[in-house]
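In our numbering, the protein residues as written are 55 to 155.
Even for Gly, the Cβ is constructed at its ideal location relative to N, Cα and C.
Quick caveat: nothing in here was measured; it's all calculated off a predicted structure.
Since the structure comes first, as structure tokens, the remarks are kept for the end.
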Amino acid sequence: MAEEKFEIDWGNEKLKRAQKQTEENPYDLEAWSLLIREAQGRWIGEMRLLFERLIQVFPSAGRYWKIYIELEMRARNFERVEKNLQSEDTYTPWAGPDMIG
């Protein structure tokens, strides 16, 4: 997986360590949970790369897609929401093969 490095000013050593942990072990759910909880209270423009990385690691986790899309909607980024929902990476367990793409 080609990983884009990003730096977020978390303002907190615990969160900085959690981000570093996700870089070292992308499947560390505890570290991701800390970051997601914090990210939900921040502006999506600042957190977008975090969420894009999260859904690359966990593409079938509908919960993470939902959080990401809700943050984009809250910021009224409807074009991004539509783009994300139409993405080939979007996991849609309810859709049959005729409904995807």
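Short of 7 Å in beta carbon distance, which residues of its chain neighbour residue i, apart from the five on each side in sequence? Order them along the chain.
i	result
V135	I123, E126 and M127
On the three-state DSSP scale, how would you describe residue i?
i	result
E126	helix
G99	helix
Y118	helix
I62	coil
Q140	helix
Q110	helix
Q43	Any question about residue 43 goes unanswered here, given that the chain covers just 55 to 155.
Which same chain residues, not among the five before or five after residue i, have their C-beta less than 8 Å away from its C-beta?
i	result
Y118	I90, F105, L108, I109 and F112
What's the gap between the Cα of residue i and the Cα of residue j?
i	j	result
A114	G65	Note on residue identity: the sequence assigns Ser, not Ala, to residue 114. Distance between the alpha carbons of S114 and G65 is about 30 Å.
Y81	K137	25 Å
L69	I62	10 Å
I121	A93	10 Å
T76	N131	27 Å
Q140	E133	11 Å
I98	W86	16 Å
E78	L88	16 Å
P151	K74	Model confidence at P151 stands at a pLDDT of 46, short of 50, so the residue's coordinates are unreliable and nothing is read from them.
Whose CA, out of the options, lies closest to the CA of residue i?
i	options	result
E100	E67, A129 and L139	A129
F60	E67, A85, W97 and R102	R102
Spatial neighbours of residue i within its chain, please: C-beta separation below 6 Å, excluding the five flanking residues on both sides.
i	result
R71	none
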